[in-house]
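Accompanying notes for the structure given below.
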Amino acid sequence: MTIIKRGFAALAAGALSTALAVPAIAEPVKFDFWFGLSGDLARVVDTLCKNFNDSQKDYQVVCTSQGNYDATLQNTIAAFRAGKQPTVVQVYDVGTATMMLSGAYKPADKLMEENGYKIDYSDYFPGIARYYATSKGEMLSFPFNSSTALMYWNKDAFAKIGKTEAPKTWEDVGADLKALKDAGYDCPMAINISANESWQLMEQFSALHNQPIATKNNGYDGLDARLEVNKTKFVQYVTDLKKWYDAGLVKIKSKDLGQDMVQAFATGTCQLILTSVGDHGTVGRTQKEGMKWDVAELPVYAGTERKNSLVGGASLWVLSGKSDAEYKGAAAFLNFIHDPKTALFWSTNTGYIPVTKSGFDFMKSNGFYDKAPYKGREVAIESLTASEPTEITRGIRLGNFTQIRAEFGTQMQAIFANKVSVQQGLDTLVKNGDAILERFQQTYPGKTLP
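Quick note, the sequence shown lines up with residues -26 to -1, 1 to 424 if you use mature numbering (1 follows the signal peptide of the UniProt record, and there is no 0).
Right, here's the structure in full:
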């Protein structure tokens, strides 16, 4: 053997002995996270997942958008039946009752405790935590993307009627809308009356006025809850909206009609809207050049003791049937999301609000709310914390609530098309909604909500 060949042989032998001596680097534990956001929001979630994966080497979360909230829940149910469910799934607010009754989850608070993470659950804003907690205050899932509804108002238009502040009562709104119309504005206020607007029009209004959506404290106290929005202050509210609509003070804006209400406000077409704080960034990016606008808490009727508004969005559930290693990864992921620095990243890039007090304080200390484009979003926190949640304002826990929202849209359209009176439409909403609730109750015989 030549000297060169003997040299290569020695190197090969040395390399082999070294390889045998050094243990192989363990592959990170992979686990799946399914979510319902799409478009720009989905890209932010992908970045969030990458940030988690880059922050450590033990776990790798594989994040997959299911397109929308409904598809995410339905796909998860189908996957669970086939034994192919993800470890973590994003479930929207109105799917909470379904998840609680499914038994197909590992309680988030127990998961974190078992894996050595100490989470201060009192750090969550009460109005957010109680929406997703059990009646005993146990956190079965982790609040994730959260928002609430605000009033967006055009400061330039209101200045022309001598106003420098947003209206605080619905009586003031009525007077201001008339003044705006008299000042030459064709669309003083825009609304939408589709199913999705139940959140802004019916659910938020009822919470702020401490009015029930349904019996049994909005369903928290039993599956036999039934609707009662046809005999609360909501009747007066719909009556006023319809009156203003008939007088030309309110216009209906939707994509189906060529321009949704957010676009109508941003372009200066309409001067007042009610929509999510999540639309704050969209208005800022698309507003008419030079337009001055702001946000405020939703109005209440005069003499009302304002209560907290409701949180909207979704929470993260950890599903049963996974390995201990995957649960360790899920716990690390939830702990990463709980970090205030993640809250800053999330709110900066999405428009959603922080879900914890520490996250909010961290963002304030970094000057997040001091100037545009984020100034004003703190009003959402003020709205959510306007009071300690009552038995009614902690949330809505009704089964198949998406179907009830659809029925809301159907009846509101009938009311505004003069096919039925306000009272007749709301009576029908309650009748048909109660049938939906009864079917849900029959699906879970003998079960109670935790």
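Every residue, glycine too, gets a C-beta built ideally from N, C-alpha and C.
Just so it is clear, the structure is predicted and the values come from calculations on it, not from any experiment.
Is residue j closer than 7 Å to residue i when the C-beta atoms are compared?
i           : j           : result
residue 118 : residue 289 : yes
residue 266 : residue 242 : no
residue 61  : residue 296 : yes
residue 202 : residue 284 : no
residue 151 : residue 163 : yes
residue 65  : residue 291 : yes
residue 269 : residue 154 : no
residue 131 : residue 210 : no
residue 333 : residue 255 : no
residue 126 : residue 239 : yes
residue 82  : residue 115 : yes
residue 187 : residue 51  : no
residue 383 : residue 414 : no
residue 27  : residue 34  : yes
residue 30  : residue 293 : no
residue 149 : residue 134 : no
residue 16  : residue 54  : no
Leaving out five residues before and five after residue i in sequence, what residues of the same chain have Cβ atoms less than 7 Å from its Cβ?
i           : result
residue 191 : 365, 366
residue 37  : 7, 9, 19, 20, 23
residue -7  : Note that residue -7 scores 48 on pLDDT, short of 50, meaning its location in the model is unreliable and no value can be drawn from it.
residue 98  : 117, 329, 330
residue 207 : 183, 185, 275
residue 129 : 266, 267, 268
Just curious, the beta strand (DSSP E) that residue i is in, first and last residue?
i           : result
residue 37  : 33 to 39
residue 64  : 62 to 66
residue 249 : 246 to 250
residue 4   : 3 to 9
residue 179 : Not the beta strand (DSSP E): residue 179 falls in the alpha helix (DSSP H), residues 178 to 182.
residue 287 : 286 to 293
residue 268 : 267 to 270
Looking only at its chain, what residues have a beta carbon closer than 8 Å to the beta carbon of residue i, apart from the 5 residues adjacent to it on each side?
i           : result
residue -15 : Bear in mind that a pLDDT of 41 at residue -15, under 50, signals an unreliable position, so the number given afterwards is only what the model happens to contain. Result list for residue -15: empty, nothing under 8 Å.
residue 228 : 166, 168, 234, 235
residue 421 : 75, 197
residue 42  : 10, 12
residue 172 : 378, 379, 382, 383
residue 170 : 379, 383
Please list the terminal residues of the continuous alpha helix (DSSP H) segment that includes residue i.
i           : result
residue 101 : 100 to 106
residue 332 : 331 to 339
residue 191 : 189 to 192
residue 147 : 144 to 156
residue 109 : Run containing residue 109: none; DSSP gives neither H nor E here.
residue 239 : 235 to 240
residue 296 : No alpha helix (DSSP H) holds residue 296; DSSP gives it neither H nor E.
residue 24  : 13 to 29
residue 410 : 396 to 417
residue 83  : 82 to 88
residue 76  : 70 to 76
residue 375 : 375 to 390
residue 45  : 43 to 55
residue 364 : Unbroken run through residue 364: none, as it is neither H nor E.
residue 256 : 254 to 260
State the beta-bridge partners of residue i as determined by DSSP.
i           : result
residue 163 : 224
residue 321 : Per DSSP, none; premise fails for residue 321.
residue 307 : According to DSSP, which records beta bridges pairwise, residue 307 is partnered with nothing at all.
residue 124 : 249
residue 327 : 120
residue 274 : 143
residue 201 : 188
residue 79  : 293
Can you find the residues in the same chain that come closer than 6 Å, C-beta to C-beta, to residue i, ignoring five residues on each side of it along the sequence?
i           : result
residue 40  : 8, 10, 46, 49
residue 144 : 273, 275
residue -9  : Unreliable positioning characterises residue -9 in this predicted model, as indicated by a pLDDT of 44, which lies under 50. A coordinate reading is not provided.
residue 282 : 101, 358, 360, 361, 363, 367
residue 347 : 258
residue 212 : 396
residue 418 : 75
residue 147 : 141, 273
residue 44  : none
residue 247 : 126, 164, 235, 239
residue 433 : The chain is shown only over -26 to 424; residue 433 falls outside these bounds and no answer can be derived.
residue 3   : 33, 299, 303
Following a CB-centred definition, is residue i positioned closer than 6 Å to any heavy atom of the ligand SAM?
i           : result
residue 348 : Within the structure as shown, the ligand SAM is missing, as the structure has no ligands at all.
Problem set entry | the segment 250 to 258 contacting the segment 345 to 355, beta-carbon criterion three pairs below 8 Å | Touching, per the Cβ criterion.
For this session: Would you check if the segment 188 to 204 and the segment 119 to 128 touch, i.e. whether three or more CB-CB distances between them fall below 8 Å?
Result: no
Exercise. Taking contact to mean at least 3 C-beta pairs separated by less than 8 Å, is the segment 295 to 305 in contact with the segment 85 to 104?
Worked result: yes
Exercise. Does the segment 370 to 384 come close enough to the segment 406 to 421 to have 3 or more Cβ pairs within less than 8 Å?
Worked result: yes
Exercise. Pairing CB atoms from the segment 381 to 398 with CB atoms from the segment 306 to 321, are three or more of them under 8 Å?
Worked result: no
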